[in-house]
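Right, one structure below, let's go through it.
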């Protein structure tokens, strides 16, 4: 069964950092692009970052550029998101998703991990 | 960047009804990269339709997508109780991915 499971969320003060992780099973991430997305409380879905299957290219939403870093470990079959300089508006459920190749879609998604930025 | 606008924002309908959800792009969108998702509270979002009109694996055939250019629709032919959720359209262009703001489908 193809699935992804996120971990690493928590409560952090403004300006703080966290490292989110995504463990993949049922497929080998080395042949797929991977993404992070998020949903803030009461808001819609927002794409956050993408990394190419080989790690050679990384894209970020303007809202997180310069603060978040996406990385992958193909040997461990996992994806990370280092989130730095956190702001209250970064409070959200963070989802990991596999790239649905050729269509710019996301499938499957994980259940998410909650990040709360608050003093 | 293409902006996606979904309407209506909220729909209240009884089970058994046919419903069409709309997604309008701010400029012509490549339909290959227009996708639809279903999201229920506390669950992972689920890909329903990709490439504007192709159903994802395991999605019932009561769900169908269509459209081109700037106007796209998701139709549910006969609402089942499990279909009440928030639906999002999404588009990919260049190095960015955008979502509409969502349509909430409520049980009446």
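Protein chains in written order, with the numbering used here: chain A, 564 to 682; chain B, 17 to 124.
Where a beta carbon is used, it is the ideal one built from N, C-alpha and C, also for glycine.
Under the DSSP definition of a beta bridge, which residues are partnered with residue i?
i                      : result
residue 48 of chain B  : Answer is none; residue 48 of chain B lacks a bridge partner.
residue 682 of chain A : Answer by DSSP bridge pairing: none, since residue 682 of chain A is not bridged.
residue 91 of chain B  : B:36, B:80
residue 658 of chain A : A:600
residue 666 of chain A : Answer is none; residue 666 of chain A lacks a bridge partner.
residue 120 of chain B : B:26, B:102
residue 676 of chain A : A:657
residue 21 of chain B  : B:40
residue 580 of chain A : According to DSSP, residue 580 of chain A bridges with nothing at all.
Relative to the alpha-carbon of residue i, which residue among the options has its alpha-carbon at the smallest distance?
i                      : options                    : result
residue 106 of chain B : B:121, B:57, B:48, B:122   : B:48
residue 570 of chain A : A:577, A:615, A:582        : A:582
residue 588 of chain A : A:640, A:662, A:664        : A:640
residue 575 of chain A : A:609, A:638, A:649        : A:649
residue 115 of chain B : B:84, B:53, B:44           : B:53
residue 580 of chain A : A:645, A:614, A:664, A:638 : A:645
residue 611 of chain A : A:621, A:605, A:617        : A:621
residue 60 of chain B  : B:108, B:70, B:104         : B:104
residue 62 of chain B  : A:617, A:567, A:665        : A:567
residue 609 of chain A : A:681, A:585, A:638, A:600 : A:600
residue 681 of chain A : A:577, A:664, A:673, A:660 : A:577
residue 84 of chain B  : B:119, B:50, B:98          : B:50
residue 643 of chain A : A:584, A:614, A:590, A:598 : A:584
residue 186 of chain B : B:124, B:92, B:118         : The question about residue 186 of chain B has no answer here: the residues shown for chain B are numbered 17 through 124.
residue 74 of chain B  : B:64, B:82, B:81, B:80     : B:64
residue 636 of chain A : A:616, A:623, A:647        : A:616
residue 665 of chain A : B:82, B:70, B:20           : B:70
Hey, could you find the ends of the beta strand (DSSP E) residue i is sitting in?
i                      : result
residue 112 of chain B : 112-115
residue 567 of chain A : 566-570
residue 573 of chain A : 573-575
Touching by the beta-carbon criterion (3+ pairs, under 8 Å), the segment 670-681 of chain A and the segment 652-660 of chain A = yes
key: Contained beta strand (DSSP E) runs [length at least 3] in the segment 591-650 of chain A, N- to C-terminal order   = 597-602, 608-614, 621-623, 631-636, 641-646
query = Mind pulling the beta strand (DSSP E) runs of 3 or more residues that sit fully within the segment 27-76 of chain B?
reply = 35-41, 50-55, 62-66
task = Spell out a yes or no on whether the segment 22-31 of chain B and the segment 659-669 of chain A are touching, meaning 3 or more CB-CB pairs, one atom from each, closer than 8 Å.
result = no
inquiry  = Quick check: the segment 34-43 of chain B against the segment 589-603 of chain A, are at least 3 beta-carbon pairs closer than 8 Å?
reply    = no
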